[in-house]
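According to this note's numbering, the sequence shown is numbered sequentially starting from 1208.
From the three backbone atoms N, C-alpha and C, an ideal C-beta is built for every residue, glycine too.
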Amino acid sequence: MYLPPEWPAEVRPPSVPDWETSAVAWLLDAVPPEYRAYEVLRRHPVALASMARHHVAAAIEGARAGYRAAAVDLKGHLAPHVIEAVLDTYREEGPRLVRLSRSIAAVEAALRGDMFTTLRPR
């Protein structure tokens, strides 16, 4: 079975029986720990994936806003080299969150029953 490149290594392929268990565990690691308290999210992985998608999308927007504002917000409170380190953190965290978002989308698609295909050269 083809898996897209953004498929997380921690999640078993959808062709494997009970793969959803690994998907739920991985998705729960992608959201705040408080989400573990909601039984409905463990019983309904599609709902968990949807909530994870929205949560990470908000985190991406927050990181972008934080990056844009950091130099102004922190000027006078932190040394310039510390502000640059904060900006470096955003530069690393932003792409990580985008990769996570793509992985969540792939898992969510599989949970919804979408089959992955790839175009093969003729």
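Asked                                                                                                        : Found
Whether Ala1259 touches Val1238 by CB criterion (8 Å)                                                        : yes
Cβ-Cβ distance between Tyr1274 and Tyr1242 below 8 Å                                                         : no
Any chain C beta carbon closer than 8 Å to Asp1321                                                           : Included in the structure is just one protein chain, with no chain C present.
Residue environment, Val1263, which counts as buried when at least 16 other CB atoms sit within 10 Å         : buried
Complete alpha helix (DSSP H) runs within the region 1265 to 1301 (minimum length 4 residues, chain order)   : none
Buried or exposed by the 16-neighbour rule on C-beta atoms within 10 Å, applied to Pro1221                   : buried
Whole-angstrom distance between Met1208 and Ala1266, CA atom to CA atom                                      : 32 Å
Pro1221 CB to nearest heavy atom of the ligand NAP below 7 Å                                                 : The ligand NAP is absent from the structure shown, which contains no ligand whatsoever.
Inter-stretch contact at 8 Å, needing at least 3 Cβ pairs: the region 1296 to 1312 / the region 1209 to 1218 : yes
Contacting residues, own chain, Cβ-Cβ under 7 Å from Ala1254 (five flanking each side not counted)           : Val1247 and Leu1248
Contact check, Ala1256 vs Leu1235, beta carbons under 8 Å                                                    : no
Whole-angstrom distance between Ala1292 and Ala1317, CA atom to CA atom                                      : 38 Å
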